[in-house]
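Participant:
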């Protein structure tokens with residue numbers, strides 16, 4: 010009898026087991042913290058459409074990635090920035106640009122019209138702007154940095170992070186509620202802009218040294234009183250012409266010397282040119298060597314400034330959840346890969362100096378999550394397979410053909426101007442900006458660190 | 019399908035019990051049932067989650083203790099067969115390695131069905147009888163349950179929560195144990211079972227993960243000879 014009841018009990022248990030669902034299930038999908046909103050300060054890496062107006066919008070662009078939902082082409086081509094991915098995961102509204110507009114050139118061709126009045130969007134809280142620096146109000150894409158006489162230009166507003174935070178504080182009467190997820194990410198444009206200045210400075214130094222060397226070599230054997238001036242002017246005139254090269258400048262100087270009676274100029278052209286070229290290369294290299302420590306120091310300053318902004322303007326005004334992404338390793342980006350080994354090393358040092366200053370400045374704070382994207386991005390470039398990346402060295406977007414990409418930037422990149430082949434798992438959209446797939450990897454990494462912090 | 023296998027197993031166990039009425043006292047032809055607790059502790063060696071993931075995204079599985087009923091039938095005075103029934107083991111699944119910061123990522127219920135052939139030392143009347151066993155285990159997994167964090171680490175912001183399925187496996191188990199006969203009817207039982215178990219985890223994101231679980235099972239029970 011006892012055995013019979015036991016057998017019945019077993020049968021009952023079996024039936025019960027069969028009745029309850031046993032399939033895989035998603036489980037609780039709510040985060041530990043219910044954030045009220047996402048507030049973002051930063052640069053192009055976090056920009057969700059500050060310049061998605063006028064010609065940029067007409068060209069199907071607006072974010073610094075492969076723009077637009079092209080998931081019908083490939084599921085990874087979501088067109089989403091990492092801030093958009095994180096907001097969606099946290100159940101928050103999709104972020105929108107707090108300020109939109111461009112101060113660029115006008116054009117009768119609407120697709121090339123970059124003059125669109127600046128608008129502040131009251132209900133949008135992503136302040137990140139392409140080209141923005143930490144404190145300096147002009148960065149890449151700002152018209153102030155264009156060469157004089159440039160007729161077609163984007164006119165990026167590049168409002169720096171410090172002003173972005175001020176703009177938000179104005180909107181919220183000076184105080185964070187304390188329930189926002191605040192995201193801060195900057196420094197990339199401080200690297201790129203200074204690097205640009207370094208390159209143009211080195212070119213100038215090289216050009217000057219080239220002409221000086223030519224004059225020094227040719228003037229003593231040119232039998233006219235003002236030989237030095239004549240040669241210098243001829244070389245300078247050539248150098249000022251668009252498309253001039255070291256070779257054309259050398260030829261101009263030698264021709265001028267020969268025309269003024271120099272008997273050996275033409276015969277010795279090869280050696281004179283070689284010596285002048287060497288002098289130019291050395292001067293350019295010397296300039297870079299001398300300037301490198303200044304650049305590194307400037308990045309250290311920018312990193313410390315960003316840490317200070319987080320502390321004095323964000324934490325001090327009541328924010329409790331602040332994600333500070335450090336600067337990814339720019340030295341592995343396609344923009345750096347075309348540089349010399351020395352410049353690549355310099356970029357790596359600039360990045361690490363910025364990040365060290367940022368981390369040190371932030372210190373240990375329960376309200377701050379410092380996310381080390383530098384290490385991850387470096388690892389992605391050296392070990393791409395586990396990340397699912399198929400290419401970490403070349404851009405997914407067509408950049409050089411201006412008929413297909415008038416801005417030569419991912420800002421107007423979409424499914425229609427991609428390089429051929431499957432670019433869905435590329436790391437870079439252009440020479441510095443991530444693809445949507447890479448942005449998704451960044452989002453996951455930040456969410457992992459937020460889990461570790463106990464925020465979600 | 020998996021459910022049905024489980025039902026069949028339980029019914030076989032129940033049927034065997036019902037037939038046991040004719041069993042004589044002691045040793046050969048004797049049924050014993052002991053009731054106690056089993057701690058199931060996976061000895062995890064996890065492979066990495068396949069791309070896209072941080073390198074060395076591995077996992078860990080926690081232990082669980084559940085009540086158990088061990089049913090033994092003596093084929094001879096020294097050779098016996100054993101099976102056990104119990105409630106599902108609820109294991110927590112944790113991120114480890116590069117994703118240790120993820121903490122608990124999910125849970126799963128394990129329902130191991132086991133059949134062992136045992137050799138029992140000494141006479142049936144001996145007070146202390148050690149034994150060894152070898153058998154087969156069907157490791158069944160059910161109710162694999164994801165979490166916010168699992169979705170956050172695999173497919174964030176898509177609106178599609180990540181789920182996962184762990185493959186059920188047939189495998190082998192080895193056992194060492196001992197029975198202490200308190201009197202003619204009652205005894206104490208302790209045993210350790212090692213099961214070889216390698217299985218694969220399949221995520222709804224098309225990612226996979228190979229895991230060596232090789233669980234250790236520690237059973238303590240109090241039994242009665244019918």
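Protein chains in written order, with the working numbering: chain Z, 10 to 465; chain G, 19 to 244. Every residue gets a Cβ at the ideal spot worked out from N, C-alpha and C, and that includes glycine.
(1) How about the segment 277-290 of chain Z and the segment 206-222 of chain Z: do they share at least three Cβ pairs that are nearer than 8 angstroms?
(2) Going along chain Z in order, which residues have a C-beta closer than 7 angstroms to the C-beta of residue 124 of chain G?
(3) Count the other C-beta atoms from every protein chain shown that fall within 10 angstroms of the C-beta of residue 336 of chain Z, then say buried if there are 16 or more, exposed otherwise.
(4) Indicate whether at least one CB of chain G lies closer than 8 angstroms to the CB of residue 77 of chain Z.
(5) Just tell me which of Z/212, Z/310, Z/341, Z/273 has its CA closest to the CA of residue 249 of chain Z.
(6) By the three-class DSSP mapping on this structure, what secondary structure does residue 158 of chain G have?
(7) Are the segment 32-49 of chain Z and the segment 97-112 of chain Z in contact at 8 angstroms, needing three or more beta carbon pairs?
(8) Can you tell me whether DSSP reads residue 142 of chain Z as helix, strand or coil?
(9) Specify whether the segment 434-453 of chain Z and the segment 84-94 of chain Z touch according to this definition: at least 3 beta carbon pairs, one from each stretch, less than 8 angstroms apart.
(10) With a threshold of 8 angstroms between beta-carbons, can residue 444 of chain Z be considered close to chain G, or not?
(11) Quick check: the Cα distance between residue 177 of chain G and residue 78 of chain Z, rounded to an integer number of angstroms?
(12) Which residues in chain Z have a C-beta closer than 9 angstroms to the C-beta of residue 202 of chain G? List them in chain order.
(13) Between which residues of its own chain and residue 218 of chain G is the CB-CB distance below 8 angstroms, once the five residues before and five after are set aside?
(14) Can you tell me which of the three DSSP states residue 85 of chain G falls into?
(15) Closer than 8 angstroms is the cut-off here; do at least three beta carbon pairs connect the segment 157-164 of chain G with the segment 120-137 of chain G?
(16) Beta carbons nearer than 8 angstroms to chain C: which residues of the segment 53-79 of chain Z have them?
(17) With burial defined as no fewer than 16 other Cβ atoms inside 10 Å of the residue's Cβ, what is the status of residue 138 of chain Z: buried or exposed?
(18) Does any CB atom of chain Z fall closer than 8 angstroms to the CB of residue 115 of chain G?
(19) Given a cut-off of 8 angstroms on the beta-carbon distance, is the pair residue 382 of chain Z and residue 171 of chain G in contact?
(20) Examine the Cβ distances between the segment 324-342 of chain Z and the segment 385-399 of chain Z and report whether three or more of them are shorter than 8 angstroms.
(21) Just to confirm before moving on: does the CB-CB distance between residue 282 of chain Z and residue 370 of chain Z stay below 8 angstroms?
(22) Please compile the residues from chain G whose C-beta is within a distance smaller than 9 angstroms of the C-beta of residue 93 of chain Z.
(23) Going by C-alpha to C-alpha distance, which of Z/150, Z/348, Z/182, Z/380 sits closest to residue 367 of chain Z?
(24) Is there a Cβ of chain G sitting closer than 8 angstroms to that of residue 396 of chain Z, yes or no?
(25) Does DSSP put residue 39 of chain G in a helix, a strand or coil?
(26) Which bits of chain Z does residue 179 of chain G rub up against, with CB to CB less than 8 angstroms?
(27) Counting beta carbon pairs with one atom in the segment 90-99 of chain G and one in the segment 133-149 of chain G, are three or more of them shorter than 8 angstroms?
(28) Around the Cβ of residue 419 of chain Z, are there at least 16 other Cβ atoms within 10 angstroms (buried) or fewer (exposed)?
(29) Using a threshold of 7 angstroms, is the CB atom of residue 104 of chain G nearer than that to any non-hydrogen atom of the ligand NAD?
(30) For residue 62 of chain G and residue 79 of chain G, I'd like the C-alpha separation in whole angstroms.
(31) Could you list the residues in the segment 150-170 of chain G with a C-beta less than 7 angstroms from some C-beta on chain Z, going in chain order?
(32) Output, in chain order, the set of chain G residues within a Cβ distance shorter than 8 angstroms of residue 391 of chain Z.
(33) Tell me the DSSP bridge mates of residue 208 of chain G?
(34) Decide yes or no for the touch test of the segment 193-204 of chain Z against the segment 293-308 of chain Z: beta carbon pairs closer than 8 angstroms, at least 3 of them.
(35) Please identify the residue among Z/393, Z/373, Z/268 whose C-alpha is closest to the C-alpha of residue 401 of chain Z.
(36) In this structure, how does DSSP classify residue 355 of chain Z when only helix, strand and coil are distinguished?
Facilitator: Reading off the structure:
(1) Put simply, the segment 277-290 of chain Z touches the segment 206-222 of chain Z. At least three CB pairs are less than 8 angstroms apart.
(2) 36
(3) It is buried - the Cβ of residue 336 of chain Z has at least 16 other Cβ atoms within 10 Å.
(4) no
(5) Z/212
(6) DSSP places residue 158 of chain G in strand when its eight states are reduced to three.
(7) yes
(8) coil
(9) yes
(10) no
(11) 15 angstroms
(12) What residue 202 of chain G touches in chain Z: nothing, since even the nearest Cβ is about 18 angstroms away.
(13) 184, 185, 226, 227, 228, 229
(14) Reduced to three states, the DSSP call for residue 85 of chain G is strand.
(15) yes
(16) The structure shown has no chain C; the protein chains it does contain are Z and G.
(17) buried
(18) no
(19) no
(20) yes
(21) no
(22) 175
(23) Out of Z/150, Z/348, Z/182, Z/380, Z/380 has the C-alpha closest to the C-alpha of residue 367 of chain Z.
(24) yes
(25) Note that residue 39 of chain G scores 37 on pLDDT, short of 50, meaning its location in the model is unreliable; the coordinates nonetheless yield the value given after this. Three-state DSSP puts residue 39 of chain G in a helix.
(26) 35, 36, 38
(27) With the cut-off at 8 angstroms, the segment 133-149 of chain G and the segment 90-99 of chain G touch.
(28) Its Cβ being crowded by 16 or more others within 10 Å, residue 419 of chain Z is buried.
(29) As far as ligands go, the structure on display features none, and thus does not contain the ligand NAD.
(30) 7 angstroms
(31) So the close ones are 160, 161, 162, 163, 164, 165, 166, 167, 169, 170.
(32) Per Cβ cutoff of 8 angstroms: no residues; residue 391 of chain Z is ~10 angstroms from chain G at best.
(33) G/196, G/238
(34) yes
(35) Closest option to residue 401 of chain Z, Cα to Cα, is Z/393.
(36) Correct three-state label for residue 355 of chain Z: helix.
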